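Student: Each protein sequence line maps, in turn, to chains D and W. The first sequence begins at 1 in the working numbering and counts up one residue at a time. The second sequence begins at 373 in the working numbering and counts up one residue at a time.
2 protein chains.
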Amino acid sequence: MRGAQGDLLRLVAAGHAESRAELARLSGLAASSVSLRVEELIDSGLLVEEGAGTSRGGRRPRRLRLSPSAGLLAVADLGAHHARLGLLDLSGTPLVVEERPCEIAEGPEATIDWMAAAFEDLLAAHGPPGVPLRGVGTGIPGPVDPATGRVVAPSRMPGWNNFPVAERLGAHFDLPVLVENDANLMAAGEARSWPKCQTLMVLKAGSGIGCGLIVNGALHRGRGAAGDISHVRVRSDSSVTCSCGHDDCLEAYASGAALMSVLNEQGIEVRRPADVVALVEDGVPEATALVRNAGRLIGEVLTVLVNFINPDAIVVGGSLSSAEPLIASIRAAVYERCLPLATRDLEISATRSGPDAALLGAGSLLLDAVLA
Amino acid sequence: MRGAQGDLLRLVAAGHAESRAELARLSGLAASSVSLRVEELIDSGLLVEEGAGTSRGGRRPRRLRLSPSAGLLAVADLGAHHARLGLLDLSGTPLVVEERPCEIAEGPEATIDWMAAAFEDLLAAHGPPGVPLRGVGTGIPGPVDPATGRVVAPSRMPGWNNFPVAERLGAHFDLPVLVENDANLMAAGEARSWPKCQTLMVLKAGSGIGCGLIVNGALHRGRGAAGDISHVRVRSDSSVTCSCGHDDCLEAYASGAALMSVLNEQGIEVRRPADVVALVEDGVPEATALVRNAGRLIGEVLTVLVNFINPDAIVVGGSLSSAEPLIASIRAAVYERCLPLATRDLEISATRSGPDAALLGAGSLLLDAVLA
DNA sequence: CGCCGTATCTTCGATTTCGAAGGAAGTTGG
DNA sequence: CCAACTTCCTTCGAAATCGAAGATACGGCG
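1. Report the option in 599(W), 720(W) and 527(W) whose CA atom is closest to the CA atom of residue 309(D).
2. At 3 residues or longer, what runs of the beta strand (DSSP E) sit wholly inside the segment 75-157 of chain D?
3. Does the distance from the CB of residue 303(D) to the CB of residue 334(D) come in under 9 Å?
4. Residue ranges of each alpha helix (DSSP H) run of no fewer than 4 residues wholly in the segment 312-340 of chain D, ordered along the chain?
5. Pick out whichever of 300(D), 287(D), 343(D) and 275(D) has its Cα sitting closest to the Cα of residue 319(D).
6. Can you tell me the Cα-Cα spacing of residue 659(W) and residue 429(W), whole angstroms?
7. Residues of chain D with a CB under 8 Å from the CB of residue 504(W): which are they?
8. Nearest to residue 307(D) by alpha carbon, out of 603(W), 720(W) and 553(W)?
9. How is the alpha helix (DSSP H) around residue 59(D) delimited, first residue to last?
10. Of the residues 169(D), 168(D), 166(D) and 141(D), which one's Cα is nearest the Cα of residue 211(D)?
11. What does a CB cutoff of less than 8 Å around residue 341(D) pick up in its chain, not counting 5 residues either side in sequence?
12. Inspect the CB distances between the segment 385-404 of chain W and the segment 154-164 of chain D and report whether three or more fall short of 8 Å.
13. Using the rule of at least 16 other Cβ atoms within 10 Å of the residue's Cβ for burial, across every protein chain shown, is residue 591(W) buried or exposed?
14. DSSP state of residue 297(D), grouped into three classes?
15. Counting only the same chain and skipping the five closest in sequence on each side, list residues whose C-beta sits under 6 Å from that of residue 258(D).
16. Between which two residues does the alpha helix (DSSP H) containing residue 422(W) stretch?
17. So with Cβ pairs under 9 Å, would you call residue 197(D) a contact of chain W?
18. Short of 9 Å Cβ to Cβ, which residues in the segment 594-614 of chain W face chain D?
19. Would you list the residues sitting across from residue 180(D) in a DSSP beta bridge?
20. Along the segment 329-353 of chain D, where does the CB come closer than 8 Å to a CB of chain W? Name the residues.
21. Could you tell me if the beta carbon of residue 140(D) falls within a distance shorter than 8 Å of some heavy atom in the ligand COA?
22. Let me know if residue 408(W) comes out buried or exposed under the rule of 16 or more other beta-carbons within 10 Å of its beta-carbon.
23. Quick one: what does DSSP say residue 598(W) is sitting in, helix, strand or coil?
24. Going by alpha carbons, who is nearest to residue 415(W) out of 431(W), 442(W) and 402(W)?
25. Between which two residues does the beta strand (DSSP E) holding residue 349(D) run?
26. Does residue 680(W) come within less than 9 Å of chain D when only Cβ atoms are used?
27. Using CA atoms only, rank isn't needed, just tell me which of 387(W), 383(W), 418(W) and 742(W) is closest to residue 401(W).
28. In the structure shown, what three-state DSSP assignment does residue 580(W) receive?
29. Which first and last residues belong to the alpha helix (DSSP H) in which residue 741(W) is found?
30. List the residues of chain D whose Cβ lies closer than 7 Å to the Cβ of residue 618(W), in chain order.
31. So with Cβ pairs under 9 Å, would you call residue 184(D) a contact of chain W?
32. Taking only runs that begin and end inside the segment 214-264 of chain D, name each unbroken alpha helix (DSSP H) of 4 or more residues, in chain order.
33. Going by C-alpha to C-alpha distance, which of 733(W), 740(W), 568(W) and 413(W) sits closest to residue 466(W)?
34. Just verifying my parser: in three-state terms, what is the DSSP assignment at residue 642(W)?
35. So residue 43(D) is in the alpha helix (DSSP H); what residue range does that whole segment cover?
36. Would you say residue 136(D) and residue 185(D) are within 9 Å of each other, going by their C-beta atoms?
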């Protein structure tokens, strides 16, 4: 999708514009040029006109949408023991989302080939006939070098270090390929649910702790590790050595994995972060106290970042995010210690995009590549 | 300066482009269009052709510069007891820079009116006749709301809270006005000296501690307090209550003011941060130890931010920055504790722009307003 | 209902921008 | 010193874009 037409498609697909007039306002092009381009896009089957929008005091706009047959995106979100997989249309709307078991410990080759097969599977079962696949993407639970699409020094992905994931995935599909850290994808997905927020911190609290950062509406990648907060030193009485070799990392105290190991030591059996949430909801005091403490520690770390970045909102996602005490204690810590100017109008709340945030984010980022 | 021509002027003025060919590459316009626009800009007296640049293996480019008579910017950097004032041409090159005593404690009205008079003074003494003033700007040692140009909750500027600085300054000059936090200006100025770095953290170590953040080549303002690190809690044995009401803020241990008060208590008389630097250079052990400790504390705070932001470089400026042990211990702390991916290729060094960084930054930001 | 104000969208001539081709000015390497 | 290659810049017809004017559609109000 070349140049100006691509820009217009992007605006429609991202949900920023719904009519020719809105496109003209947002793209900076003249209304007449927009009409011409839109005409062409409709003729080529990428856009469709669909009913009328609501009037703003004059003639009602003719609503534009991406054609459902314009294309599909296949996206995945890899976890340690399972993967979420989905098909999206070019506007980022999911056609189908599934969760399947999958062990990343089996190594990158096996995992990626399995993913490619699963994509084919989904396409055969749920892909409307004649609609072409336009891009594939996946989230990875570790740092990804944005330039090369390689995994870099992941802490809990044996055998994946420096593996060219994007290349391997691209070998199955001759299409744009996106490989990105899972917390970053989650942030990109969440960003679409917070259209008024230009700067966003998105915390992923699951077995690990990750964070994605949106600055000026765009994902901030840094060198591929941006958003890392797991290895911040926390104030603590005891001393625990983290897998990274340093003492008292946040991850060693506040991650889902850390909470689970404490609970298991106390004789309370838990297998997944969701079990911890269930215990909290059942009012088990040991679990609640642990989660509160984790929230406080995370909140204290966020304090530094909130003062520095001044985000418009902090969004908490991941499997632990449904534990209300977690968010409450994060909120308390941040509001207590941050500068008033930084917390004024700062919103801290749970995910709006839900468990598919990372898949939606993959769609959003892939779109840029597809319409480049 | 309208549209495309403004873009070209901005590129030349900001130092990004020096020839028609570079303008074409950076602006995205066709080479032929650039030639046309440049021709017009030369005819209207804003650009001048000046000799030839260095060859890149072919014909040498004809070097373009902003005409010295295209306009002037008057800029200032307010400190607690003195102000730096300067006149710049539109390319940001200083014609004259002076430091004059000035007490911000005398209140905003008196200070700003004094500044306006000082600008007129400089113009009369050093302004080439016939060259118009095109904009004025100043840095403020406290948070500034970027939307309104008001000072917001400054910690050491009695009487300034919520004062409309931009409005008052604008009353003297019917021109674009810039009012911005001093560390932010310093970051903007430093950014021009680090053209390869898209993401930059600029630390201002003077009587206070401030930091400015450049993301994707642009200043990140947040809500006006972005870049604040003074009130991060540090790990410490003793307990000191900061002026902000919390305990153990970085500022209370590592700012120039804190170092001075400790030295004075020890019977070593110092009056300005520069005196501390002099003591360090003279090898006074008490001073060196204090500065080392300050660097370590600052470095530990930066650790969190470096992991999170993944900057390309950390630049240390401010009056304490010439103390070599400060930078050395910051470097040590960051390299020791940060993730390898974040410190790989991370540069940590002293200011390249020198003491005028904030003035240069003011010029750089003002230019955008002037050429809008 | 009919008129007015507003917003959306289209038409069409004027303007701007593009891009391929070519001339100008240097470097490199035999 | 000359030929081959690069880079810089301009020329000129083709194509895209603009913007003013007009056509179309809607809400609101007497």
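Beta carbons are placed, not taken as given, at the ideal position from N, Cα and C, and that holds for glycine. Values in this document were obtained by computation on a predicted structure and should not be read as measured data.
Tutor: Put simply:
1. For the purposes of this step, residue 309(D) is taken as the residue at position 309 of the first sequence. Of the candidates 599(W), 720(W) and 527(W), the one whose C-alpha sits nearest the C-alpha of residue 309(D) is 599(W).
2. 82-89, 94-101 and 133-140
3. In the first sequence, counting from the first residue as 1, residue 303(D) sits at position 303. In the first sequence, counting from the first residue as 1, residue 334(D) sits at position 334. Yes, these two residues count as a Cβ contact at 9 Å.
4. 324-337
5. The sequence position of residue 319(D) within the first sequence is 319, counting from 1. Nearest C-alpha to residue 319(D): 275(D).
6. Counted from its first residue, the second sequence places residue 659(W) at position 287. Counted from its first residue, the second sequence places residue 429(W) at position 57. Whole-angstrom Cα-Cα distance: 53 Å.
7. Reading the second sequence from its first residue, position 132 is the one you call residue 504(W). Within 8 Å Cβ-Cβ: nothing; residue 504(W) doesn't reach chain D, min ~30 Å.
8. Against the first sequence, residue 307(D) aligns to sequence position 307. Nearest C-alpha to residue 307(D): 603(W).
9. Looking up residue 59(D) in the first sequence gives position 59. Run containing residue 59(D): none; DSSP gives neither H nor E here.
10. By 1-based counting over the first sequence, the position of residue 211(D) is 211. Checking every option, the nearest Cα to that of residue 211(D) belongs to 141(D).
11. Taking the first sequence and counting its residues from 1, the one referred to as residue 341(D) is at position 341. Only 310 meet the Cβ criterion.
12. no
13. Taking the second sequence and counting its residues from 1, the one referred to as residue 591(W) is at position 219. It is buried - the Cβ of residue 591(W) has at least 16 other Cβ atoms within 10 Å.
14. Translated into the one-based positions of the first sequence, residue 297(D) becomes position 297. Helix, per DSSP.
15. Here residue 258(D) is taken as the residue at index 258 of the first sequence, counted from 1. Correct list, in chain order: 252.
16. Taking the second sequence and counting its residues from 1, the one referred to as residue 422(W) is at position 50. Note, residue 422(W): premise wrong, no alpha helix (DSSP H); beta strand (DSSP E) at 419-424.
17. Looking up residue 197(D) in the first sequence gives position 197. No, residue 197(D) lies away from the interface with chain W (no Cβ there is under 9 Å from its Cβ).
18. 594, 595, 596, 597, 598, 599, 600, 601, 602, 603, 604, 605 and 607
19. Numbered from its first residue, the first sequence carries residue 180(D) at position 180. 139(D).
20. 337, 339, 340, 341, 342, 344 and 345
21. This structure does not include the ligand COA; it has no bound ligands of any sort.
22. Mapped onto the second sequence, residue 408(W) falls at position 36. Result: exposed.
23. Taking the second sequence and counting its residues from 1, the one referred to as residue 598(W) is at position 226. Residue 598(W): coil per DSSP, three-state reduction.
24. By 1-based counting over the second sequence, the position of residue 415(W) is 43. Closest option to residue 415(W), Cα to Cα, is 442(W).
25. Reading the first sequence from its first residue, position 349 is the one you call residue 349(D). Looking at the DSSP string, the run of the beta strand (DSSP E) that includes residue 349(D) is 347-350.
26. Working through the second sequence from its first residue, we reach residue 680(W) at position 308. Output row for residue 680(W): interface = yes.
27. In the second sequence, counting from the first residue as 1, residue 401(W) sits at position 29. Of 387(W), 383(W), 418(W) and 742(W), the residue nearest in Cα terms is 383(W).
28. Walking along the second sequence from the start, residue 580(W) turns up at place 208. Coil, per DSSP.
29. Taking the first residue of the second sequence as 1, we reach residue 741(W) at position 369. Unbroken alpha helix (DSSP H) run through residue 741(W): 729-742.
30. The residue labelled residue 618(W) in the question sits at position 246 within the second sequence. Neighbours of residue 618(W) on chain D, chain order: 337.
31. To locate residue 184(D), count along the first sequence from 1; it is residue 184. It does not; no Cβ of chain W falls within 9 Å.
32. 250-254
33. Reading the second sequence from its first residue, position 94 is the one you call residue 466(W). For the residues 733(W), 740(W), 568(W) and 413(W), the minimum Cα distance to residue 466(W) belongs to 733(W).
34. Your numbering for residue 642(W) matches position 270 in the second sequence. Looking at residue 642(W) - three-state DSSP - the assignment turns out to be coil, as it is neither helix nor strand.
35. Working through the first sequence from its first residue, we reach residue 43(D) at position 43. Counting along the chain, the alpha helix (DSSP H) containing residue 43(D) begins and ends at 31-43.
36. The residue given as residue 136(D) occupies position 136 in the first sequence. The residue given as residue 185(D) occupies position 185 in the first sequence. Contact: no.
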